[in-house]
Each structure stands twice: as structure tokens, then as C-alpha cells.
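Asks:
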């Protein structure tokens, strides 16, 4: 018998009414969460699945405000793309744009956890896909996007895919997880590439533009032993201080380069390349196998050998409750 994709089910009706909001909030470590209707009853029903490089949740939750500050992004280093589809309800969000925007029922948006975001939502029924940035490596696409509402025919196609996706997950096995994740990331990438160029707030986002250009340069030169801030400054015709400022929330340029190299190695190991693990690591400047192994484990929480095995496996440490297990799933996206 095949092993099903790991799933969690959380329902606040299992708890006393006065504790329901706080118990639901305890599972969210990436945002500051508060109630919008303190006097109204609060309920939350959440189903979650882990597919390796992606965690999918289907949530039916009461009205809430969620804030992720630039300081939080710098402190926790979470680097994922979150795609949110609203089956019901509305969400008003504030990001880099000069004024708040509103998502409505049937709309789909993508957010970058490296950037600040504040949302205020009514009671919602929504599907959220939290995707490790390394998952986009296979598509050759850098998803440097934040607050993008994916509309039109492509948006509807992605939304229809998500609705069917959630309905079918319980019928799929753990062996299907990587293929399902890759299928969604591929479709999402195509949809984002197909969108018309946006000019919203472009003139006021010079630091963001420097960051996006620098990230693209880094990805093209990951295997170069000359990759560094001096070479980037010359190639991009920008000052070192601009680069330092653009990567301040990532721990600096050097830390970001190391992170991207590790993510690229992770993808290659997971894809089952026949090269020895350390031969792949050496291509990206790791001169010591021991140093590489320590850096990889620190980044992902597991060994390079486990990454080579691929797929989804049981958590290394058994969780005492569903909240702790869900946090483990999200930690593995780093």
C-alpha cells in the first residue's frame, strides 16, 4: 500500500471558545497576528499538506490582521514565495506600493517573505501555497515579485488548478509529492512570465531594482570563483554601498551568495545527479567537504545525503502536536 502525502487537520472547535484564536495564532511564527473583531466568535479550520519544497494549506478562518515587518524578515531569514487564492472573503494589503490594494473572492496573489507586508482580512476561505525559492531553480525563473495579483486567463487557470489540486491531494501518494510541487511551480512560473509589465511604483523602488538585477547576476555566475561584491559592482554599474543596502535584509551579499549556492546544490542533489555530493559542492566553491556539510545542514536542517534521497520523509524529530509539526514543515522550506 502506498504512503499518503502527510496531512494535518486543525479545528478550533476542539478547544474552548476563549482559547481558539490564541491556539490558531500559535502556529504562525512568520507574522504578527491580531484580531479585527475582538468581540466576535473566532473559528479556524485548517488542512495542511507537505510536498517537500511546498506546503499547501486550505484555511477557513475568522477576520484577522497579519503583519510581517522588514525587521522580522531580516531576523528570521525566511525566503519563500506565498501564493494565496481567495475562495471567499476579501483581503486589503499594504506592501511596497504607495497605497493599499484589495484582493477579492476568486483572485490570486503572490507575496515574497523577504519584504514587508500587512494584511487585513475578513472571514476567509483561502488556499495558500508556501514555496521554497529553490523550487523555482528548475524553471530558470527568479520569482522576485511581491503583491502581484495574477489575473486574466492565466490567473483563472492557476486558480482552477489549485481547486482541483486540493481536492485530489488525499488520493495521491508521497511518491507523487515532488511531481505535484514541480507541476504547480511550472504553471505558476508560466503565468507570471505571461503577465504584462507592471509600472506600479517603479520609479520609487530603486533599491528593489538593484536587488533584482543583482540576484539575476548572482544566479548566472554561481559557479564562478570571481563572484563577489567587487565584480557585481562593476558589472551592474552600481556602487558597493547600493549593493550592501539592497542585501541588508539577507545578511549581506556574501551570505546571500552562499545561500543561493546551497539552494542550487540542494536542487541538483534532489534531482539525482550521478556526481558525488562533494564534487557538486566543489563546483560552487566549497573547498572542504566538512565545511560544506556543516553549512548545508545549518541551512536546511538535514544532511546533503538526505537531500540526495529526495522526496518527502517523516520529520527528523517527532512533534508533540500539530502546531509544532506544521512549523517543522515550514522550516524545511528555508
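Numbering (this note's numbering), first residue to last: 495 to 828. We put the beta carbon where it would ideally sit given N, CA and C, even for glycine.
#1: Helix or strand or just coil, what does DSSP make of residue 615?
#2: Decide yes or no for the touch test of the region 610-627 against the region 534-554: beta carbon pairs closer than 8 Å, at least 3 of them.
#3: Over what stretch of residues does the alpha helix (DSSP H) that includes residue 759 continue unbroken?
#4: Determine whether the beta carbon atoms of residue 643 and residue 601 lie at a separation below 8 Å.
#5: Taking Cβ positions, are residue 612 and residue 596 nearer each other than 8 Å?
#6: Using the three-state DSSP reduction, which class does residue 658 fall into: helix, strand or coil?
#7: Considering Cα atoms alone, identify which of 565, 750, 514 is closest to residue 711.
#8: Mind checking residue 652: buried by the 16 CB within 10 Å criterion, or exposed?
#9: Cutting at 6 Å between CB atoms, please list the residues of its own chain near residue 807, excluding the five before and the five after it.
#10: Tell me, please, which residues DSSP counts as bridged to residue 707.
#11: With residue 675 and residue 545 assumed to form a contact (beta carbons below 8 Å), what rounded beta-carbon distance in angstroms separates them?
#12: If I follow the unbroken alpha helix (DSSP H) through residue 681, where does it start and stop?
#13: Is the beta carbon of residue 800 closer than 8 Å to that of residue 523?
#14: Does the contact criterion of 3 or more C-beta pairs under 8 Å hold for the region 558-575 versus the region 733-753?
#15: Is the beta carbon of residue 509 sitting closer than 8 Å to the one on residue 517?
#16: Distance check for residue 604 and residue 556, CA to CA, integer angstroms please.
#17: Using only the alpha-carbon positions, how far apart do residue 701 and residue 752 sit?
#18: With 16 other CB atoms within 10 Å as the buried threshold, where does residue 580 fall?
#19: Helix, strand or coil: how does DSSP classify residue 503 here?
#20: What are the boundary residues of the alpha helix (DSSP H) that residue 517 is part of?
#21: Mind checking residue 719: buried by the 16 CB within 10 Å criterion, or exposed?
#22: Leaving out five residues before and five after residue 541 in sequence, what residues of the same chain have Cβ atoms less than 6 Å from its Cβ?
#23: Which of helix, strand or coil does DSSP assign to residue 723?
#24: Relative to the alpha-carbon of residue 817, which residue among 497, 773, 521 has its alpha-carbon at the smallest distance?
#25: Short check: CB of residue 533 to CB of residue 575, under 8 Å?
Replies: Let's see:
#1: Taking the first residue of the chain shown as 1, we reach residue 615 at position 121. Note: residue 615 maps to strand in three-state DSSP.
#2: yes
#3: Counting from one through the chain shown, the residue named residue 759 turns up at place 265. Element bounds for residue 759: 747-764.
#4: Start at 1 with the first residue of the chain shown, and residue 643 comes out as number 149. Start at 1 with the first residue of the chain shown, and residue 601 comes out as number 107. Yes; because the gap between Cβ atoms is below 8 Å, this pair is in contact.
#5: Translated into the one-based positions of the chain shown, residue 612 becomes position 118. Translated into the one-based positions of the chain shown, residue 596 becomes position 102. Contact: no.
#6: If you number the chain shown from 1, residue 658 lands on position 164. Note: residue 658 maps to helix in three-state DSSP.
#7: Residue numbering aside, residue 711 sits at position 217 when the chain shown is read from its first letter. Checking every option, the nearest Cα to that of residue 711 belongs to 750.
#8: Position 158 of the chain shown, counted from the first residue, corresponds to residue 652. Buried, because 16 or more other Cβ atoms sit within 10 Å of the Cβ of residue 652.
#9: Here the question's residue 807 lines up with position 313 in the chain shown. Bear in mind that a pLDDT of 45 at residue 807, under 50, signals an unreliable position, so the model cannot answer this.
#10: Along the chain shown, one-based indexing puts residue 707 at 213. Answer is none; residue 707 lacks a bridge partner.
#11: Walking along the chain shown from the start, residue 675 turns up at place 181. Walking along the chain shown from the start, residue 545 turns up at place 51. Going by Cβ atoms, the distance from residue 675 to residue 545 rounds to 4 Å, so yes, they are a contact pair.
#12: As a position in the chain shown, residue 681 is number 187, starting the count at 1. It spans 671-688 - the alpha helix (DSSP H) in which residue 681 sits, taken as one unbroken run.
#13: The residue you call residue 523 lines up with position 29 of the chain shown. The residue you call residue 800 lines up with position 306 of the chain shown. Result no, Cβ atoms of residue 523 and residue 800 do not sit closer than 8 Å.
#14: yes
#15: Residue 509 sits at position 15 when you count from the first residue of the chain shown. Residue 517 sits at position 23 when you count from the first residue of the chain shown. Yes.
#16: What you label residue 556 is simply residue 62 of the chain shown in a count that begins at 1. What you label residue 604 is simply residue 110 of the chain shown in a count that begins at 1. Taking the straight line joining both Cα atoms gives about 21 Å.
#17: The count along the chain shown starts at 1 and reaches residue 701 at position 207. The count along the chain shown starts at 1 and reaches residue 752 at position 258. Their Cα atoms are separated by approximately 21 Å.
#18: Within the chain shown, residue 580 is the residue found at index 86, counting from 1. Classification of residue 580: buried, given that the 10 Å Cβ count is 16 or more.
#19: On the chain shown, residue 503 is found 9 positions in, with the first residue counted as 1. Of the three classes helix, strand and coil, the one that applies to residue 503 here is strand, per DSSP.
#20: To locate residue 517, count along the chain shown from 1; it is residue 23. Looking at the DSSP string, the run of the alpha helix (DSSP H) that includes residue 517 is 514-519.
#21: Start at 1 with the first residue of the chain shown, and residue 719 comes out as number 225. Residue 719 comes out exposed.
#22: Reading the chain shown from its first residue, position 47 is the one you call residue 541. Only 503, 552 meet the Cβ criterion.
#23: For this step, residue 723 is matched to residue 229 along the chain shown. In the structure shown, residue 723 sits in a helix (DSSP, three-state: H, G or I).
#24: Position 323 of the chain shown, counted from the start, is the residue given in the question as residue 817. Considering only alpha carbons, the answer is 521.
#25: On the chain shown, residue 533 is found 39 positions in, with the first residue counted as 1. On the chain shown, residue 575 is found 81 positions in, with the first residue counted as 1. Not in contact: residue 533 and residue 575 (Cβ atoms no closer than 8 Å).
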